[in-house]
Structures are given as structure tokens and as C-alpha cells.
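J.:
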Amino acid sequence: MQKIVRAKMASKNKIGVKIEEDIRISIHRQIDLFIQDETQYEYDFPSHLTNQHRAYIHEYVRNKRLKSRSHGKGSNRYLTIYKTSLSDISHGDAVLNLTPQSDEMLGEIQKTYNTQRKPGRSSGKANAMRLHSIYICSTPPSIPPMSGGSSEILEARKRLPIAQFHEMILKCVHHNQVIIVSGNTGSGKTTQVPQFILDVAAQTQQPCRIMCTQPRRISAVTVSERVCFERNEQLGETVGYQIRLESRVKPTTNALFCTNGVLLRCMVGKNSSKFLKNITHIIIDEVHERDQYSDFLLIALKDNLLKNPHLKIILMSATIESDTFSKYFNNCPVIEIPGRLFPIENFFLEDILFTIETGNHNVKDIRNKILANVDPRHCGHLKPMTVNMDDETILLMNDILEVCWIENNPEDFRNFFVLIEEENIPVNFQHTETKMTALMIAAAKGYIEVVKKLLDMGADPNIEEKHNYTAYDWACFVHGNSACSEMLKEAVNNRVSTPQLMTPTSNGTKQLLDAYHTSVGDDRIDHNLIVDIVLYICKKQPEGGILVFLPGYEDIQEQYGLLSSKVASSHCISVFMLHSKMQTFDQHSVFKPVPPGVRKIILATNIAETSITMDDVVYVIDSGKVKQKYYDSLTSTSSLAATWISQACATQRAGRAGRTRPGTCYRLYSRMRHSSMDQYTLPEIMRVPLTEICLQTALIMKDASIQDFLNKAITAPSATSIKQSIKYLQKVGALDDEESVTDLGYMLAELPVDARLGKMLLYGILLKCYEPVLLIVSILSINDLFVIPPFPGDKERAKKVRRDLAEDSFSDCYCFLRAYQRWLDARSVQKRKELCNRLFLSHGKLTMVYDLRNKLHSHLCSIGVVKSYGPGSVKDINEMSYNWSLVKGALLAGLYPNASSGRNHNVIYAINAGGEAHTDSHGIHYVRDPLKGKIGTESDYGRQLLTIHRVHKNDEIMYQTERYHHDTFGYEVPVSGDGQYVLILKFCEVYFNGPNMKVFDVLLDRHTVVSELDIYALVGKGTAHDEYVYFSVSRGRLYYKEKSSEIRGGKLKLEFLKGYKDNPKINAIVLIKDYNEAILPRLPPLTNEYAASAAGTHSNDEHLSPPLHTFGDDDGNVVDGGEDNVVDDFMSASADELVKPTSKQRKTSGPKQPNPYSLDDSSIMLPVFIAVGAFIPLLFCLCRL
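The sequence shown: position 1007 = 1007 (the UniProt record's numbering), numbered continuously.
(1) For the putative contact between Ala-438 and Trp-474, defined by C-beta atoms under 8 Å, what is the C-beta separation to the nearest angstrom?
(2) Taking Cβ to Cβ, would you say Thr-213 is nearer than 8 Å to Ile-279?
(3) Count the other C-beta atoms from every protein chain shown that fall within 10 angstroms of the C-beta of His-966, then say buried if there are 16 or more, exposed otherwise.
(4) Could you please give me the residues that DSSP links to Met-316 through a beta bridge?
(5) Work out the CA separation of His-58 and Leu-353 for me, nearest whole Å.
(6) Taking the beta strand (DSSP E) that Pro-974 belongs to, which residues open and close that run?
(7) May I ask you to report which of helix, strand or coil DSSP gives Thr-937?
(8) Expressed to the nearest angstrom, what Euclidean distance is found between the alpha-carbon atoms of Ser-811 and Ile-776?
(9) According to DSSP, is Gly-359 helix, strand or coil?
(10) Since Ser-1034 sits in a beta bridge, which residues does DSSP pair it with?
(11) Counting pairs of Cβ atoms below 8 Å between the stretch 645 to 663 and the stretch 618 to 633, do you hit three or more?
(12) Between His-1038 and Thr-968, how many whole angstroms is the CB-CB distance? I'm expecting something under 8 Å.
(13) Note down the Cα distance separating Ile-153 from Ile-162, rounded to an integer number of angstroms.
(14) Between Ser-187 and Phe-165, what straight-line distance do the alpha-carbon atoms span, to the nearest angstrom?
(15) Counting only the same chain and skipping the five closest in sequence on each side, list residues whose C-beta sits under 6 Å from that of Ile-441.
(16) Which of helix, strand or coil does DSSP assign to Glu-692?
(17) Quick one: Cα of Ile-19 to Cα of Gln-30, how far?
(18) Give a single yes or no on whether His-431 has its beta carbon closer than 7 Å to a heavy atom of the ligand ZN.
(19) Can you tell me which of Gly-793, Glu-771 and Ser-881 puts its alpha carbon nearest to the alpha carbon of Asn-854?
(20) Count Cβ pairs between the stretch 816 to 834 and the stretch 745 to 765 that sit closer than 8 Å; are there 3 or more?
(21) Can you tell me whether Asn-254 is helix, strand or coil according to DSSP?
(22) Give me the Cα-Cα distance between Leu-298 and Thr-651, rounded to the nearest whole angstrom.
(23) What residue range does the alpha helix (DSSP H) around Arg-265 cover?
(24) If you compare alpha carbons, which of His-925, Phe-987, Tyr-971 and Asp-978 is closest to Val-951?
(25) Name the residue from Arg-367, Ile-935 and Asp-955 whose alpha carbon lies nearest to the alpha carbon of Ser-921.
(26) Is it a yes or a no for the stretch 997 to 1004 touching the stretch 932 to 940, going by three-plus beta-carbon pairs under 8 Å?
(27) Can you list, in chain order, the residues of its chain with a C-beta nearer than 6 Å to that of Ile-81? Leave out the 5 residues immediately preceding and following it.
(28) For the beta strand (DSSP E) containing Asp-703, list its first residue and its last residue.
(29) Taking the alpha-carbon of Val-688 as reference, which of Asn-606, Thr-720 and Ala-372 has the nearest alpha-carbon?
(30) Taking its Cβ as the centre, do 16 or more other Cβ atoms sit within 10 Å of Phe-447, making it buried, or is it exposed?
(31) Taking the straight line between their C-alpha atoms, what separation do you get for Val-17 and Asp-522?
(32) Entirely within the stretch 529 to 611 and at least 4 residues each: give me those alpha helix (DSSP H) ranges in chain order.
(33) With DSSP as the reference, label Lys-1061 as helix, strand or coil.
(34) Quick check on the DSSP output: what are the complete alpha helix (DSSP H) runs of length 4 or more inside the stretch 172 to 239, in order along the chain?
(35) Counting Cβ pairs, one atom from each stretch, are 3 or more of them under 8 Å apart for the stretch 345 to 362 and the stretch 230 to 246?
(36) Excluding the five sequence neighbours on either side, which residues of its own chain have a C-beta within less than 7 Å of the C-beta of Ile-169, listed in chain order?
Dropping the structure here:
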């Protein structure tokens, strides 16, 4: 079986070395370019880097699955990074034998299929199943009726920003095949553009049918409902929707809202040409989100434009990336819809460090030095640096203000407002020579409407020009006691004076940032700085809510604790947490207003960027980080990593502060970091598996290769990612060697789930354990059933709940099944909700699983996979549902080849210090101590302890025996050629009862690899502790971090150095070469439970005895779920005896079958056999199914 390694999360691999920000940005950029270049396999960094810089690179590339090595000496020393090849981390298929019980069981299943198969029935491409997708647009379009909306609704529609562009949009659609409508959230483009087309079609009596796609299912439903409400029509008549497994549509429907996936399915297969003939308009909404389906759709639509000249395509997006889409469609026209009304001031890290008192002593010292050199008389003239304005923009603003002064026309301010709203120029911009602001000019001219608008946008009436006159002074000089001067006088009296952030000189900025980044770094969130900013806002800024963007829930919890302890004691605050996995009622509390005098603080992930809006937010604190899913095409694995956001996301986050009044955004990153960010978020097609996209491409393209088709994308995915996806589809049998779709491929394409889950479901049918596998597929199609505990103290309790539900099965799927069963057994809604609160479950997600399971079952029946009676009926395909090992086999078959199994480590050297030979629970054989009777003292004092915590019962002997010496002692450790090595040193304190009693160092070839080791201080007495030392060997030299030494005689000298407290010691040593990080032998995490329960709980030989389970019935309405969630470890332990159902089992409300989770006695080898050896029986039976 191929070995697949789980990718590490960057957030869990913190970098200890701190270097300057500009050097760090340059290093990151170069490494990213190196990774993206598929033709480059190594890169040499220049020799001018310091030792600190090279040490940073060594640590950074380790998280990127790269190798690094330093060469040369002195000023000629340089560093090289290398890419890991697939052969380094993968292995060939493993051949494993079956137990007699497993062999007999599979034989019985095979016999049933042999007796069911009718003679003369052939398989192959000639009888390939035709896709059964419902073509909702199979009839010609009809003329829509006139809208019946009320006059109030009509007036509300006319007030939307997009209303004034009504004629322009219709004219562009008429004269162009493709147009782009660009506008921010709230402009009305989603609901109004389809209605513009419907209205004109009704007026001109022209047939039309519009398909409008949305990136999310909930959006397709809610938007269709809103449009029907505005037109005063029933949903499903003129306007309807179609999402996965659910629709409200008729053959005469004129406007259909659907997901990108539904439109994609309609374009697949033989009927795609007929489908496009019956469509007049296709609207792709939120195209700027660049999800994989929308990018794929753009390729397919562009290819079909010439064949369907009647077809009109409208792309709708936010104001970002419009030009990119326009160029892709041959410079098609773009209609810009104005958006935000209120300005936002952005303050970067250097502004914050210079103005706000922080607890960072390095920054404080530099700040004090800079302020000491500033003339106090000029402090008031330090202007806030809200944006990084270039010379061209400053000159343009000067020209606009001069025109406004010279020309006597209030319309001249229009250009000023455009720059304020779209370019984020400060509304208080002062002319570089006269220091006049727009407010002063409007006041002098007496433009009351302009003055009012400027004041609403946050213009400051207290600012003075170079002669120390304010806008109020100018109004009085020119117009005397007028309405304009009265308005300004009131604004001066009502305005609260707020301190302004200042920016130091460029030299001071460099000093501040270097001091900050060399003490804090940017690989983690600076929570203390966030607290300082919150305190600053609470003390010195007007009222308004604070929204803090953080990358993940761990950071949210940490910040929540700091705010509760450091801010709540001195200020009246109300702190909320907002995360996608929190309970719904917890999320709703964010929108409720707080009492007067209370400052609302919201800690949120990127869910608050676009999905929701809180009108009382005035201040945004942007950490600049987000957790994103990334796909490693080399290993076919995905990882969740914290990374820098894009400039477009930064703008979106800042925009949360300007919804109802002028706002402020504090950015915890410098202008330099902001300029180095990607302009837009990396498209999803570049960072997710392309399995489903490649399968759909194979269905669409009959004569072209998959790679050639996907290379037409706006941003083409990497060739490696495409090849790996094709290889995966061929390995599972969905594609043949010529990239043609097989019978199994057609079947997988027909199922409304991911290909992996589809194959899992088919194996469940094949192995006659349909119901439990169907339920697991439904669960994995929904996001995690568990919610994040709202309080930090509940975190351990939530973990214990999951462990208890898993019942020593070591299986997430088993845990999910148990959770669902407990929920289903609670018959009333109230009891189910109470259970969810106790077990940290999501009642909504469980309800979605229930409904999705029923809809999937109905779909399988409708396409003939599940029969009504006889062979292939529900009763027949649930015959073995009680067998948990067969269920695991189906799961593994679906997830293959993304699975791993243990293998023998490449152990070079292993000794049991102070003891005899021993083979541990990982299969590593430790030889008898070679120093026995020669140097030092052997001790088995640890045997007097009842147990050694954190270690398998079988391995306690290694920690109970040890070697110590009154002076420095050591071993000669052999190495075996060039490669990567890890040295594992095993320790356990079995004598002392306190810290600082035994402290010593460990040296490897004269390099200190463990410094001042105090075992008791780390883990206490009687608890195992392992130290991991990573190094490499190349051309006869050892490389450890930035150090190297010559290896003599093929051996390394490992020394335990006499310290200032007692004697050095060691319990066991093992050296492993070319290790696999994912399966290195490791001790479990240190918890309070180990004192009572660590010993003897890690055996994989215990029997599972699951309780009975009741399944849902076949009725119910669809509630669609989220994306699929990959679950690890299906190779959990079980015994080898089939347990038949007893007579005491309850009847189920669904398909009648025995208990699906009673323990069987199949070997753990069975799932592996199923994954690699049972594909032929599947093809043999699919035609029958």
C-alpha cells in the first residue's frame, strides 16, 4: 500500500529564530517561487546571509517539506534547499494475507453474486450507464409573466445603488455576449440583474430562461425566495432553485438559481448541447471567490460561446479582479456599481508601535529614543499616515482641490468623493501647500450639501490650514451667519476630540519594525499587542464595537482569556466569539446590541469578512492571518495552515468598520508586509484536489486530454496536481489508461457526493453493509458533527466525550456513528438538543445528516443502484451490516490510496541502557547494553514503581532500567551512509522527587544537542520522556543545525556530560535513518490522566461491543450539508469472531437489518485486501446492480 504522510500544520510548527522583516519577506518569496517552479529541484541562497538567517531558513523549510544544507566556510558559506521527491515519501503496494475467517467470509459474499448474475449479460463501455442527471432545462424557454410586486417593494428596489444602471446593463447585455457587473455587497446585483432581464422579456414578449449560479447552496435558496417575494410570486413558478438532491422548479420556470455544481452537471454528457440551446442567459454570481467549480465553468462556457451565439453570459463579482475576468473573455465590458459610503482610516504596525504604549521593552526603548529627538513644538504637526500615498496620487489630490476652489461648481467635488470611496484616501487630506481641506473649500463656497456629506463621511471641522483658520472660520468670513456656518458650528461642538496615530520617519520605522520582529516574529499572533490596542480604543476613542480578526479558534480562546483578565477589570466590555463550528445560538448573540456604556468586542475568524455584517462595528483589528486548506500534489494530502491574507481580503476586513459611519482599521502588519501580500487570494483550483474536476473534464472532453482542457483556466493548476488527480482516478478505476471514463467512473459521476465517498458507498453495497456505510458517507459529507466548546475550561471535557464515544476503537467514524445513534435514540427534539449540549454536538448538523441519508437513499433507488425487491434490495445489501470489519473495509476502499499502515523503521542502532535485549510495541529491537560491566552502573530501581506513565505496558522495562555514571560517559553510535537521521533518547526519573536534582547535557560528536536536561521538571517522577535529535549525514560529515563535523570511522560519539547536579543517565537509545515523521514512535501527550490510567490502555486487542442502533426512515426533506471532511484511521482494532445478532435487538424504523456495529473477528488485513484486491468483483457486480 502506498504510504501517504499527513501534512503538518504550519501553526503547530512555530519558528524559534527571529530575523528582520525585510529579510524574512525576501526569503519567503524566494522559497515560494522555488516551490512553484516544477523544473527546479534545488536553490542556493547567497553567501552574504548571516548564521541567524541560515538558521531561520533551516527551520522554515522543514515545515515546507524541503531539505536544507549549508556548505563552505567563513564568508563563502552558503545554504542550499532541495525538493523532496515522491520516491522519498512513498512506497509500493503491500501484499498482506487474509485470515481463514476473512477468506471464508469473502467467499460467501462472492457466491451470492455468482448465483445472482444472469448468463449472457456483458459489461464494458457498450453498456455504460448513461448519466441520470435531471436536465431541468430540457424544454424550450417560455415568456415570463409581468412582475406583480407591490409599489413599496418597487420603490425599495429603485433605491438600490444598481437601479441607476438598469438601462446600461440591459444595453450591454443586448450588444455583448459576455459582460461583467462589479459591485460591493449591498449594491443589489444578485437579486436585481435577473429581474431586469425577466422584466424586459415580459415587456417585449420574448422567451427567456436564466440560470443564476451561487457558490453556496443556502445562497441559491435564499436569493430565489427573495426574488419571489419581490415579484409577489410562488417559489417554483417563474423563479425556482435547484441544489444537491433538492429542487423547486417546473419545466416553465424562467429563472433558476442553482449552485455551480448543478450547472456543471447540466453541461456534462450527451445532452449538454440541447441544454445550452434552451438557455438564454447564464449568470455566474460571486465569481471573484474563484472556487474550483466557477473556474471550471468559465472554461466550459468560453468553449461553447461560438457554438451558441444566442447565449448571454453575465459575470457578477465584487470590485476585485474585474479586469482579470474581462481579459479572459476578450476584454468584455465591465459595469462598476458604486459601493461603500463611509471612509476608513488604516493604521499599520509602524503607526501602532509609534503611538500606542506597548509592553514590548525592545520597541519601547526605540520609541522613546525617536520621541526624544522630536521637537515638542512640532509634535502637533505629525500627520496620521492613513495610506501609503505615492507622489502621483498626492499631485492628483492637489489638482482636484485646486479645481474645486477655482471653479464655482459643486459638481467638481465628485472626483474627490470617488477617490475617497474607492482609493481609500483620507477625507481630511490637506493640500500640500495651502493645507486646505475639501471641507474648508466647500464651507468657503457655501455648498451646504457638500459640507453635510463631508461631515457625514467623518471630515474634521477642527483642522487648521497654514494660516490657522478652520472650515467654520472660512464659512463665517465669506458668508457670515449662514446655514453652512451654523452646521459647522454644531459639528465643532458635537465632535469629540480623538487622538491621532502618528508615523515616524522612514529610519525610525525601520528601527521600530526591526526591534519588534526580532523579539516577536510573525509566525504567531501577538496577543499582547491586540490587548494594548483594545485598551487604547477603550480609553481614548469614541464608542463603537471592535472586531478582531484571528486565524483560528485556539487564538480566539487565548485572546478571550487575556481580555477577560487584563481589560474587563478596568473597562466595561462584552466579548463574543465567532467561529463557523460554534453553536448557532452562540453566533446569533453577536448581533444583539449591548447596553449603553458597554464596549462590544468580537473575536472572529474570516467568517466575518463577507458572510455577515454587524452594524455597530467601528474598529477593526486585523491580525493579517487566515487558516486555509492547501493541497500537496506530491503526497495527495491536504493540510490546514495559517498564512498571510491577500490585499483584497485586507480591504474586505477593513470594510467591516465602515458600514454605517466612518471607521478605523488597525493592521498588525507593516506597509512592507502589505505590499508583499498577494493581490488576490490564491484560487481554489490551485490549492484543492482536482479529482472531481478531472472526472467531469473527462466526461465533457471526448477528444482532448484533461490537462489540455484545464490549462485553459484563468489560472491553470499545476501539471503535477492534474497528473496526481488523474493517477488517483485511474488507481480507483474511474478512468482507464487512455483517460476515458469507465463504468465505475460513470457511476461515481452520477452520485451527488465526492468520488471517494461515492466509491465508499458502492463498496458498502458490494460488501452488503449498505446502511452503516450510507450513514458514514452522509456524516462525512457534512462538516464535523462536534462543535467547539464555548469556554476554555470545557476543552478537555469535549475531548473526553469523543474518546468515550469511540469506545477504544481509535476510529473517528465509529465515534461519529455513536454520536448519531445517541442523538437518534433521544426521540423528542428537546431531549436531542439537551444531549447535544452535554456532548458538544451540533443538533443542526445531525439533522442534516438524517435528511441527507434519506435523500441519498432515495437517489440510489431512483437511478436503480438499490432495487425495490430481490437481489440488490435493501434487505439483501444489508445482510452483513452487523460486521464492523466489513464496514471498515468499505471505508478504506473509498479512501485508498490516502491511507497508511505501519512498517518497520530503518533502525540503525538501538540499545536498552542498563538492561537486557527487548522488542518494543513498535517492533523496534533494542540490544543488550554494550557497556554492561564496563562503564558506569546499571540500575533497575524503576522496577519498584507500580507503573511508568505515558508508555505501553510492554515498553515499561526500557524506562525501568537505566545506566548512570559519576562522570561523563557515552556510546559510539554507528551511522549508515548519507541521509536524514533522528536520534531518540529515552529518559525517566525514578529516584528524585523534585526538580533541579539531576541536570546534565548531551553531546553528539561534540555538538550540544540537549542542554540542561531536568527530567523531573519536564514530566515529574515515574513518567517517560523522549528527546528527539534531528541531524543529517552527507559525504562523511554530520550536519546539526548550523554546525557540522567530520565523522571518523563511521561512528558518532554520544556523550552524557557530568552536570552540576548528580550523575548523567540514559534509559534507552534508538537511531533511525530516513525516518517518516508521521509514524515515528512517540509518547502520547502529557495529561493529568496518566497517573491513574496510562498503563495498559494502549492495547489493540480489545473487543468492541457496540450497543444497538436505530436508523432513520426513508422519508424526510433535504437539508444540504457542507463540504466533505476527511477522516483518518479506519484501521482500528477488532477481534476475529463474527457476532450474529441476538433476538433482543429492537426493530428499526428504516431498513431492517441486524446491529451494524456488533463486533466481528475479521483480521485487520481484511480492509487492506478489499482496497487493493477486490476491485474485480466490484466491476463484476456493478452491471448487475
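Every residue gets a Cβ at the ideal spot worked out from N, C-alpha and C, and that includes glycine.
T.: From the atom records:
(1) Residue numbering aside, residue 438 sits at position 438 when the sequence shown is read from its first letter. Residue numbering aside, residue 474 sits at position 474 when the sequence shown is read from its first letter. With a Cβ gap of about 12 Å, Ala-438 and Trp-474 do not count as contacting.
(2) On the sequence shown, position 213 is the one that residue 213 refers to. On the sequence shown, position 279 is the one that residue 279 refers to. Between Thr-213 and Ile-279, the CB-CB gap reaches or exceeds 8 Å.
(3) To locate residue 966, count along the sequence shown from 1; it is residue 966. It is exposed - the Cβ of His-966 has fewer than 16 other Cβ atoms within 10 Å.
(4) What you label residue 316 is simply residue 316 of the sequence shown in a count that begins at 1. According to DSSP, which records beta bridges pairwise, Met-316 is partnered with Val-181.
(5) Start at 1 with the first residue of the sequence shown, and residue 353 comes out as number 353. Start at 1 with the first residue of the sequence shown, and residue 58 comes out as number 58. Taking the straight line joining both Cα atoms gives about 30 Å.
(6) Translated into positions along the sequence shown, residue 974 becomes position 974. Bounds of the beta strand (DSSP E) holding Pro-974 are 969 to 974.
(7) Here residue 937 is taken as the residue at index 937 of the sequence shown, counted from 1. It is a strand residue.
(8) On the sequence shown, position 811 is the one that residue 811 refers to. On the sequence shown, position 776 is the one that residue 776 refers to. Ile-776 has its alpha-carbon roughly 12 Å from the corresponding atom of Ser-811.
(9) Position 359 of the sequence shown, counting from 1, holds the residue named residue 359. Looking at Gly-359 - three-state DSSP - the assignment turns out to be coil, as it is neither helix nor strand.
(10) For this step, residue 1034 is matched to residue 1034 along the sequence shown. DSSP, once it has assigned bridges, lists Arg-1037 as partnering Ser-1034.
(11) Put simply, the stretch 645 to 663 touches the stretch 618 to 633. At least three CB pairs are less than 8 Å apart.
(12) As a working mapping, residue 1038 is identified with position 1038 in the sequence shown. As a working mapping, residue 968 is identified with position 968 in the sequence shown. In the sequence as displayed, the identity of residue 1038 is Leu instead of His. Between Thr-968 and Leu-1038 the Cβ distance is about 20 Å, and since that is not below 8 Å, they are no contact.
(13) For the purposes of this step, residue 153 is taken as the residue at position 153 of the sequence shown. For the purposes of this step, residue 162 is taken as the residue at position 162 of the sequence shown. Inter-residue distance for Ile-153 and Ile-162 is about 15 Å (C-alpha atoms, whole angstroms).
(14) For this step, residue 187 is matched to residue 187 along the sequence shown. For this step, residue 165 is matched to residue 165 along the sequence shown. One C-alpha to the other measures close to 11 Å.
(15) Locating residue 441 in the sequence shown gives position 441, where the first residue counts as 1. Closer than 6 Å at the Cβ level, and outside the excluded window around Ile-441, lie Cys-404 and Trp-405.
(16) Numbered from 1 along the sequence shown, position 692 holds the residue referred to as residue 692. Assigned with DSSP and collapsed to three states, Glu-692 falls in helix.
(17) Residue numbering aside, residue 19 sits at position 19 when the sequence shown is read from its first letter. Residue numbering aside, residue 30 sits at position 30 when the sequence shown is read from its first letter. Answer to the nearest angstrom: the Cα atoms are 16 Å apart.
(18) You won't find the ligand ZN in this model; it holds no ligand whatsoever.
(19) The residue given as residue 854 occupies position 854 in the sequence shown. Of Gly-793, Glu-771 and Ser-881, the residue nearest in Cα terms is Glu-771.
(20) Short answer: they don't touch.
(21) Numbered from 1 along the sequence shown, position 254 holds the residue referred to as residue 254. Here Asn-254 sits in coil by DSSP.
(22) Residue 298 sits at position 298 when you count from the first residue of the sequence shown. Residue 651 sits at position 651 when you count from the first residue of the sequence shown. Answer to the nearest angstrom: the Cα atoms are 26 Å apart.
(23) Here residue 265 refers to the residue found at position 265 when the sequence shown is read from its first residue. Run containing Arg-265: 260 to 266, per the alpha helix (DSSP H) assignment.
(24) Reading the sequence shown from its first residue, position 951 is the one you call residue 951. Selected option, being the one with the closest Cα: Phe-987.
(25) Numbered from 1 along the sequence shown, position 921 holds the residue referred to as residue 921. Among Arg-367, Ile-935 and Asp-955, the Cα nearest to that of Ser-921 belongs to Asp-955.
(26) Output reads no: the stretch 932 to 940 does not touch the stretch 997 to 1004.
(27) Position 81 of the sequence shown, counted from the start, is the residue given in the question as residue 81. Tyr-43, Val-61, Leu-66 and Ser-68.
(28) Indexing the sequence shown from 1 puts residue 703 at position 703. Careful: Asp-703 lies outside any beta strand (DSSP E) and carries neither H nor E.
(29) The residue given as residue 688 occupies position 688 in the sequence shown. The shortest C-alpha separation from Val-688 is found at Thr-720.
(30) Translated into positions along the sequence shown, residue 447 becomes position 447. First, the amino acid is wrong: residue 447 is Tyr here, not Phe. Counting other Cβ atoms within 10 Å of its Cβ, Tyr-447 reaches 16 or more and is therefore classed as buried.
(31) The residue given as residue 17 occupies position 17 in the sequence shown. The residue given as residue 522 occupies position 522 in the sequence shown. Looking at the two C-alpha atoms, the distance is approximately 11 Å.
(32) Taken in chain order, the complete alpha helix (DSSP H) segments of 4 or more residues contained in the stretch 529 to 611 are 553 to 566, 584 to 588 and 607 to 610.
(33) Residue numbering aside, residue 1061 sits at position 1061 when the sequence shown is read from its first letter. Residue state, collapsed to three classes: strand.
(34) Listed in chain order, they are 189 to 204 and 217 to 231.
(35) Taking 8 Å as the limit for Cβ pairs, the verdict is that the stretch 230 to 246 does not touch the stretch 345 to 362.
(36) Numbered from 1 along the sequence shown, position 169 holds the residue referred to as residue 169. For Ile-169, same chain residues with a beta-carbon under 7 Å away, outside a window of 5 residues either side, are Val-181, Val-193, Phe-196 and Ile-335 in chain order.
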